[in-house]
Structure formats: structure tokens, C-alpha cells
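In the numbering used here, the protein residues as written are 195 to 544. The next block holds one structure in the form of C-alpha cells; read it before the comments.
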């Protein structure tokens, strides 16, 4: 009992001493603080800047992209809110997505209507049973390298742009995440194959795709697209094919350049530059998709005999005579002449 009473008295004494020390500490801190006089601004708090700016002013500056200090190696980490990104997002998810949808849907509708009204463009004259080499192995390999890589790039790129709205609700989050992840890898690496294909395409065919006066006649007669039995003369590539060629070269250059910038972000520019490159990349890609859809149509179901040019490399001699009469005459060492009815060999792009 005596031991217990002694411990209780010691506990009370310890508590009394602790309270006394705490009181002395409070008094000392209060005595050392500067007095607050009427009319003087309060010291800066987390919701105010040192200059006395209000919280609204502070957040307004942050929304405008004001940079603060950071101990991280990346100085861009000092920007808390990058408001230009919101404007970029509205542009990407608004006009680009909307107009891109209308463009792709429009070209598909036009081709379907054209097929219903015109049907497949057939070989008008009697087939000879003889073939002529249209493209050699290197040319065909270059075409399929470019075409194959572009198709994968187009599908994976469209998934980035439209996948969240068009594909995610259909297949669910996990399959979509798996598809998007592999698609990203394919998009990044196949971009270099596409660039190589575009460069080879330029080297192989630029001399055949320079404009000349035969293109004028082809354009004036719409390449015989809308009239059966009409075949304006053309060399190895007609005016329509030249449009496809230069679209691939110019569009491929734009996609390649902006793609490399996006693949290695901030090595070549700022955040604003990355947003600009992404916008240009998306617009150029959508334009290329629309053009290539038309090219695929005329080179497959749209024209009889066209697909063989890029599959076997050999085309029916009558097909060549109708669609590329000047080129066929050059290959055979003949002088081109008018066909019966005053029509020469040629028609739309393969």
C-alpha cells in the first residue's frame, strides 16, 4: 500500500511538471512573436502568396501554366496544370474525330454508290491470253511493305482515336486493354517499316509520276471512270495513280516526321510542340486513310485485272492496252495508235 501511494504521488508530480513546462513554452513563443496591429496584412498562408494574392489569383496563375519550383530533375514538373492540353483535347475529341468520321463514312458511301451505278470496270475488248510484266518482284515487295504496314498503322491509330467509344463498349475493358497495348507496340515499330516503304516507293517510281500533258486528257475524260468503252491514253501511271503516289509520298513524310517526334517526346520540342505534332499526325493519318480506301477499292473489286498487277506482277495484254496504252506501246517497242471508235488504252488507278 505504501508503494502504491508513493507511485501515485510521483505520477502527480510528473504531470504537474509537464503542464508547467508546456505553459512556459507557450508563454515564451507568444512573447517572441511580433505583435499584430490593426490594418497590417496577415502573414502568408498556404492559400495566399507572399505578395498577398488571393487563392483565386493563385489558381488563375496555375491554370495559365505558371511554373513553380521543383527538386525533380525534370523542370517541366514545376507546371502543376498544363491548360493548353485541355484545348488540345477538345480539338482532338471534337472536330478531328467528328470530321474524320464524316470523311471515312463519306468515302465508303460514295464508293458503294459508284459500284451500284457503274459496277465493276471490265476489260472491254477480247482477252488475248498473253500477259505483260507490270511490276517486278522488288516493286511488288515495296508496295506490300508500304501497304501492309500502313494498314496495321491505320487500324491501331484509329483504335487510339476511336477505340474508347467504338470498341471498348463492345469487347470490355480487359480485352480492349490487351488489344490497345499490343496495338501501341505494333504502331511504334511498324512505323519504321512504313517509312522505309515510302522511301523505296519514291526512289522506284518518281520518274514515272511526274506530271505531263497526257494527264490533262485523262483528267478531262475522268479516266473513263463514268463511261464504258472510254479509255484515255496513259503511260505507266495515269493521273489518278499519280495523285495516289504523291499523296503517299507527302502524307508519308508528314506521318513519318511527326511520328518520330511523338515516339521520342521532348527530345525535339516542348509540350506545345508535342500537341501540335499529334494534331498534324492525326489529321494527316485520317486524310491518308480516306485516300487509301479509294485506292484499295479500284485496285481490287473496282476494276477487273488490276489486282494481278501487284499480286503476280503480270497483267492481261488487253487490260494494259485499254488502261495504259502508251506504256504498253513503249514496252513492246510499238508506236501507239488509236483504238476502234477513237478510244485509246487507259482508265482509273489500280
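Even for Gly, the Cβ is constructed at its ideal location relative to N, Cα and C. These numbers come from a predicted model, not from an experiment.
In the structure shown, what three-state DSSP assignment does residue i receive?
i: residue 473; result: helix
i: residue 337; result: helix
i: residue 484; result: helix
i: residue 240; result: Only weak support exists for where residue 240 lies, its pLDDT of 47 falling under 50; the value from the coordinates is given anyway. It is coil, neither helix nor strand.
i: residue 489; result: helix
i: residue 363; result: helix
i: residue 402; result: helix
i: residue 420; result: coil
i: residue 248; result: coil
i: residue 342; result: helix
i: residue 428; result: coil
i: residue 330; result: coil
i: residue 460; result: coil
i: residue 320; result: coil
i: residue 200; result: Bear in mind that the predicted position of residue 200 carries a pLDDT of just 46, short of 50, making it too unreliable to give a figure here.
With a threshold of 8 angstroms on Cβ separation, who are the neighbours of residue i within its own chain once the five nearest residues in sequence on each side are excluded?
i: residue 415; result: 421, 424, 426
i: residue 338; result: 504
i: residue 406; result: 429
i: residue 495; result: 309, 314
i: residue 279; result: 465, 469
i: residue 282; result: 469, 472, 473
Pull up the DSSP beta-bridge partners for residue i, would you.
i: residue 497; result: 315
i: residue 325; result: 510
i: residue 261; result: 273
i: residue 150; result: Outside the shown range of the chain (195 to 544) lies residue 150, about which nothing can therefore be said.
Short of 7 angstroms in beta carbon distance, which residues of its chain neighbour residue i, apart from the five on each side in sequence? Order them along the chain.
i: residue 408; result: 427, 428, 429, 520
i: residue 325; result: 508, 509, 510, 511
i: residue 391; result: 336, 339, 340, 343
i: residue 330; result: 507
i: residue 394; result: 336
i: residue 526; result: none
i: residue 491; result: 305
i: residue 327; result: 507, 508
i: residue 347; result: 381, 384, 385, 388
i: residue 333; result: 398
Tell me the residue span of the alpha helix (DSSP H) that contains residue i.
i: residue 528; result: Per DSSP, residue 528 belongs to no alpha helix (DSSP H) and is neither H nor E.
i: residue 378; result: 367-399
i: residue 408; result: 408-414
i: residue 436; result: 433-457
Confirm the yes/no value for this check: CB of residue i, any heavy atom of the ligand MG, distance under 7 angstroms.
i: residue 358; result: Among the components of this structure there are no ligands whatsoever, and the ligand MG is therefore not found.
Report all residues from its chain with a CB closer than 6 angstroms to the CB of residue i; omit the five preceding and five following residues, and keep chain order.
i: residue 403; result: 431, 436, 439
i: residue 455; result: 462, 471
i: residue 487; result: 301
i: residue 321; result: 510, 512
i: residue 482; result: 445
i: residue 216; result: Confidence in residue 216 is poor, its pLDDT being 45 and thus under 50, which makes the residue's placement unreliable; the coordinate value appears in the next sentence. Nothing meets the Cβ criterion.
8 angstroms is my cut-off, CB to CB: does residue i come that close to chain D?
i: residue 471; result: Looking at the structure shown, chain D is missing, and only one protein chain is on hand.
(Q) If contact is defined by three or more beta carbon pairs under 8 angstroms, each pair taking one atom from either stretch, is the stretch 390-400 in contact with the stretch 361-377? (A) no
Q | the stretch 336-354 / the stretch 307-315 touching (three or more Cβ pairs under 8 angstroms) | A | no
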